[in-house]
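Down below is the structure, laid out as structure tokens.
Number of protein chains: 2
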Amino acid sequence: MELAARSGTTVGLTAGDELVVTNTHGQQVVDTWALSASEASRFMSASHTCMRLGRLLIGEGDALLDNTRQPMLTLVRDTSPGDHDLLVPSCDAARYRELGVAGYHDSCHDNFFQALADAGLDAPPSVPQPLNLFMRVPIQPDGSFAIESPRARAGDLVRLRALQDLVVVLSACPQDVAPTNGEGRTPTGVEYDVVRG
Amino acid sequence: MELAARSGTTVGLTAGDELVVTNTHGQQVVDTWALSASEASRFMSASHTCMRLGRLLIGEGDALLDNTRQPMLTLVRDTSPGDHDLLVPSCDAARYRELGVAGYHDSCHDNFFQALADAGLDAPPSVPQPLNLFMRVPIQPDGSFAIESPRARAGDLVRLRALQDLVVVLSACPQDVAPTNGEGRTPTGVEYDVVRG
Numbered sequence: 001m002e003l004a005a006r007s008g009t010t011v012g013l014t015a016g017d018e019l020v021v022t023n024t025h026g027q028q029v030v031d032t033w034a035l036s037a038s039e040a041s042r043f044m045s046a047s048h049t050c051m052r053l054g055r056l057l058i059g060e061g062d063a064l065l066d067n068t069r070q071p072m073l074t075l076v077r078d079t080s081p082g083d084h085d086l087l088v089p090s091c092d093a094a095r096y097r098e099l100g101v102a103g104y105h106d107s108c109h110d111n112f113f114q115a116l117a118d119a120g121l122d123a124p125p126s127v128p129q130p131l132n133l134f135m136r137v138p139i140q141p142d143g144s145f146a147i148e149s150p151r152a153r154a155g156d157l158v159r160l161r162a163l164q165d166l167v168v169v170l171s172a173c174p175q176d177v178a179p180t181n182g183e184g185r186t187p188t189g190v191e192y193d194v195v196r197g
Numbered sequence: 198m199e200l201a202a203r204s205g206t207t208v209g210l211t212a213g214d215e216l217v218v219t220n221t222h223g224q225q226v227v228d229t230w231a232l233s234a235s236e237a238s239r240f241m242s243a244s245h246t247c248m249r250l251g252r253l254l255i256g257e258g259d260a261l262l263d264n265t266r267q268p269m270l271t272l273v274r275d276t277s278p279g280d281h282d283l284l285v286p287s288c289d290a291a292r293y294r295e296l297g298v299a300g301y302h303d304s305c306h307d308n309f310f311q312a313l314a315d316a317g318l319d320a321p322p323s324v325p326q327p328l329n330l331f332m333r334v335p336i337q338p339d340g341s342f343a344i345e346s347p348r349a350r351a352g353d354l355v356r357l358r359a360l361q362d363l364v365v366v367l368s369a370c371p372q373d374v375a376p377t378n379g380e381g382r383t384p385t386g387v388e389y390d391v392v393r394g
């Protein structure tokens, strides 16, 4: 299925299903969340995931944990160079104001809530820290970091296996001011597919 | 005031007030949260703070942002070596089970909820990512990290100025299995004081 540029969607997964997200055009960041289908206060947690792994980056075979340290998803395949940020929060109205945008700008924050509303699902009171697929945020030895143009190429994909019943939310990041989605600053759509387990 | 070893408390701050947390015995980690006094869904956010700073560590003069990117607190004074972790989630029942603890163990997770309940305050549905004062989690150039024995000495203090009306929650971390609170694995109390603005 196509996720249009700048938009969000929900994907319902049953334990054993796999979600494939393909970077159709390359260099497109996809903010990704997973919410428990059964418990409103459980969601995929970047900090619990990094703590378990002892590192800031995930790779094939790694589990993504929720905020009670239970595994929600496993990254079973990654053909990209492996940049999937777990530090940077979703873009939102405040971020675009900082960047000099006047008036409304699409954001991953708003896509998160809109996608859940469109599906008739309850949303948590605030946006959890996302897994930013394909987002390049190299960390320097002094702890400083900055967002750089992605290295993901057209056709690169990640494949995530659900270990619980989940609602995944995807947002094709609409960032067109900073180089989050490449130096061309042109957000694109991506492809996503579910392989039922 | 004394915050007893292994326990939590709330501290109400009005904009302009300053909170001083003193590591009475040294090497004690203090999980710290700030919640908006007026809006239930606004809380101090490690990820938004790091994103604004472009680095993983805070220093004197830095603002701690909430999840809408508004400054909540400023770190106005820090006499410690400057290790204040923003990556590691609060210890909780699941973490102590991982470490081999059978039965109940005090945790910063439980202290957070208990402190708010003791004060008759509403709690958010899940524990926000804390600012872990005095916690040493050096990050290696490859992105790996581990919890090490703190370098904070007896008498080291941090001083935080409130920029909004806040409820701060403090937990004297009860970790006694890992070296979070020093190789001696002996949690202690700390001192905290409010200087009204």
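Chains as they are written, first to last, in the numbering used here: chain Z, 1 to 197; chain W, 198 to 394.
Glycine included, every Cβ here is placed at the ideal spot set by N, Cα and C.
Note that the coordinates shown come from a computational prediction; the quantities given were computed from them, not determined experimentally.
Cβ contact annotation for Leu65/Z (same chain, cutoff 7 Å, sequence separation greater than five): Ser45, His48, Thr49, Arg52, Pro71, Met72, in chain order. When C-alpha distances from Thr74/Z are compared across Asp83/Z, Asp17/Z, Arg55/Z, the shortest belongs to Asp17/Z.
Contact between Gly59/Z and Asp78/Z holds: CB atoms are separated by about 7 Å, below the 8 Å threshold. Chain-order list of chain W residues neighbouring Asn67/Z: Ser323, by C-beta distance under 7 Å. For Ala359/W, there is no enclosing alpha helix (DSSP H); the residue is part of the beta strand (DSSP E) that begins and ends at 354-359.
Within chain Z, the C-beta atoms nearer than 9 Å to that of Pro338/W come from Ile139, Gln140, Pro141, in chain order. Residue pairing by DSSP places His281/W opposite Leu330/W in a beta bridge. Interface residue (Cβ-Cβ distance to chain Z less than 9 Å): Leu254/W is classified as such. By a beta-carbon distance limit of 8 Å, Asp280/W does not contact Pro371/W. Their separation comes to about 19 Å. Proximity of Gln326/W to chain Z, defined by a Cβ-Cβ separation below 9 Å, is satisfied. Sixteen is the threshold: when 16 or more other Cβ atoms of the shown chains lie within 10 Å of the Cβ of Asp228/W, as they do, the residue is buried.
Between the C-alpha atoms of Val195/Z and Met1/Z there is a straight-line separation of about 12 Å. Within the same chain, and ignoring the five residues on either side of Glu148/Z in sequence, the residues whose Cβ sits closer than 6 Å to its Cβ are Arg136. In the structure shown, Thr276/W falls within a coil segment according to DSSP collapsed to helix, strand and coil. Using a CB distance cut-off of 9 Å, Pro286/W counts as an interface residue toward chain Z. The region 156-163 of chain Z and the region 14-29 of chain Z touch, with three or more beta-carbon pairs separated by less than 8 Å.
Excluding its 5 nearest sequence neighbours in each direction, Thr180/Z has C-beta neighbours in its own chain below 7 Å: Val29, Met135, Ile147, Cys173, listed in chain order.
When C-beta atoms of the region 281-296 of chain W are compared with those of the region 308-328 of chain W, three or more pairs fall below 8 Å, so the two segments count as touching.
Asp193/Z: member of the beta strand (DSSP E) spanning 190-195, first to last residue. Under the DSSP assignment, Glu345/W falls outside any alpha helix (DSSP H); it carries neither an H nor an E label. A distance below 8 Å between beta-carbons, with the five flanking residues on each side excluded, links Ala4/Z to the following residues of its chain, in chain order: Ala172, Gly189.
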